[in-house]
Amino acid sequence: RYKSYMNNVVTGNLKEAQRGGVPGTYPLVRSFVNIRVPQGLAGLEDGMVDDQPVWALIYYCLRCGDIKAALHCVHRASPQVKEFSTILQDIEKSPDLKLNPQAEAFLQRQYRQQIKHMTDPYKRAVYSVISACDIEYDHPEVAKAADDYLWFKLWQIREEPLLPLGEPHSGEKLTYTHLQSLILEEYGESHYNAQEKPLVYYQVLFLTGQFEAALEFLFRVDKFRVHAVHMAMAMHQQNLLALPTAFDASLC
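Structure follows, in C-alpha cells:
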C-alpha cells in the first residue's frame, strides 16, 4: 500500500522526482526521497547514495517492506553503513522478519548508548523499529501519519512469554495488547480527530484487531452506519467477533 502511495507522489511530481525509466523499489524510493527530504536538511549522517541521504533511503525501503532494496542501498553506502548489511540479511532470512534475540539486544544497547543521541531522524527510526526499542517515542519527524505510526508500532511488537500469575511483565517491550490499549484507551477518538476523519480512526482500530470497537464506532457515524451493519454481519459469519452474552450489552 505504501509503495502505491509513493508511486502516486512521484507521478504527481515527475520533474522534481527525476525518476527516469528504471523500474523497481529502489528507484521509486530514491525519487520519493528526492521530493520529500529537503536538500541540505541539517543533521543527516553517514553520507549519500545516489545524491540522497542514505538513512532516508533505507528507512523508506523498509517502509515499503522491501528488505532487498534496503540491502541494495546499504551495499552502495559508506563503510560504516555497510556493517548494517548483516542485520538486514538476518531479518531477510527470518520467517517473521525479526532479529534473533542476541542481535536485537546488541542493537538495543547500541541505540541507547549512541544512536538515540544522534541527529539523523531516519537513522534513529531505522534502529528503533528494527530493534524494537525506545517504544515510548513516536519519531514524529519521520512517522507523520496514522498509518506510519501503526506500521512502526506493529513492527516493534514483541510478545513476552507467559509468566506465573502475579509476576510482573517487563515494561521495555511493546506487546500487542499494550498497543491496542494505547490506541483505544490512552489516545482515543480525540487524538485521531475521529469526528472529522472517522475512517482513519476506524482503520487504526480495525488494523490492530479491535474489530468490535471499530464497528461500534463506525455505527455511531450516521453516514457509515449501514456499512457497519453489513461488515458486522460478514465478520460474524466468519466468527471474527467476540459477541456479548446479552444482546443489549456493549460490543467493546
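Under this note's numbering, the first residue of the sequence shown carries the number 1, and numbering increases by one thereafter.
Even glycine gets a Cβ: it sits at the ideal position worked out from N, Cα and C.
Computed from a predicted structure; not experimentally measured.
- Query: With distances taken from CA atoms, which of A213, M233 and Q195 is nearest D222?
  - Reply: Q195
- Message: For I35, list the residues DSSP reports as bridge partners.
- Response: For I35, which the question treats as bridged, DSSP gives no partner whatsoever.
- Query: So, are the CB atoms of W55 and L41 less than 8 angstroms apart?
  - Reply: no
- Message: So, with DSSP's three-state summary, where would you put V221?
- Response: coil
- Message: Which residue wins for smallest C-alpha separation from Y5, given the options H72, S31, P38 and K15?
- Response: S31
- Item | Nearest to A214 (by Cα), restricted to the options E136, C133 and Y202 | Distance check between A214 and each of E136, C133 and Y202 places Y202 closest, using alpha-carbon atoms only.
- Query: For the alpha helix (DSSP H) that contains H117, what are its first and last residues?
  - Reply: Neither: H117 is in no alpha helix (DSSP H) and is coded neither H nor E.
- Query: alpha helix (DSSP H) containing V90: first to last residue?
  - Reply: Residue 90 is actually Asp in this sequence, not Val. Start and end: S85 to K93.
- Do you know offhand how far S190's Cα is from Q210's? Rounded to the nearest angstrom, the gap between the Cα atoms of S190 and Q210 is 17 angstroms.
- Message: In this structure, how does DSSP classify I157 when only helix, strand and coil are distinguished?
- Response: For I157, the secondary structure class from DSSP, reduced to helix, strand or coil, is strand.
- Report all residues from its chain with a CB closer than 8 angstroms to the CB of L174; omit the five preceding and five following residues, and keep chain order. A132, I135, K153, Q156, I157 and R158
- Task: May I have the straight-line CA-CA distance separating V81 from V74, to the nearest angstrom?
- Result: 6 angstroms
- Task: For the alpha helix (DSSP H) holding S4, just list the boundary residues, first then last.
- Result: Taken as a continuous stretch (DSSP letters only), the alpha helix (DSSP H) holding S4 covers Y2 to T11.
- Message: Measuring straight from C-alpha to C-alpha, what distance separates L163 and A103?
- Response: Reliability fails at L163, whose pLDDT of 39 lies under 50, so the model's placement of it is uncertain and the value that follows must be treated cautiously. Distance between the alpha carbons of L163 and A103: 24 angstroms.
- Message: Buried or exposed for D120, going by 16 or more other Cβ atoms inside 10 Å?
- Response: Residue environment for D120: buried (at least 16 other C-beta atoms within 10 angstroms of its C-beta).
- Beta-ladder partner(s) of L174, from DSSP: I157
- Task: Whole angstroms is fine: what's the gap from E212's alpha carbon to G188's?
- Result: 15 angstroms
- Message: Helix, strand or coil, according to DSSP, for P164 in the structure here?
- Response: Below a pLDDT of 50, predicted positions are generally treated as unreliable, and P164, at 43, falls in that range; the measurement from the model is reported next regardless. P164: coil per DSSP, three-state reduction.
- Residues of its chain near Y286, where Cβ-Cβ distance is below 7 angstroms and the 5 sequence neighbours each way are ignored: Here the chain covers residues 1 to 252 and nothing more, so residue 286 does not appear.
- Residues near K116 in its chain [Cβ-Cβ closer than 7 angstroms; skip 5 each side]: R124 and D134
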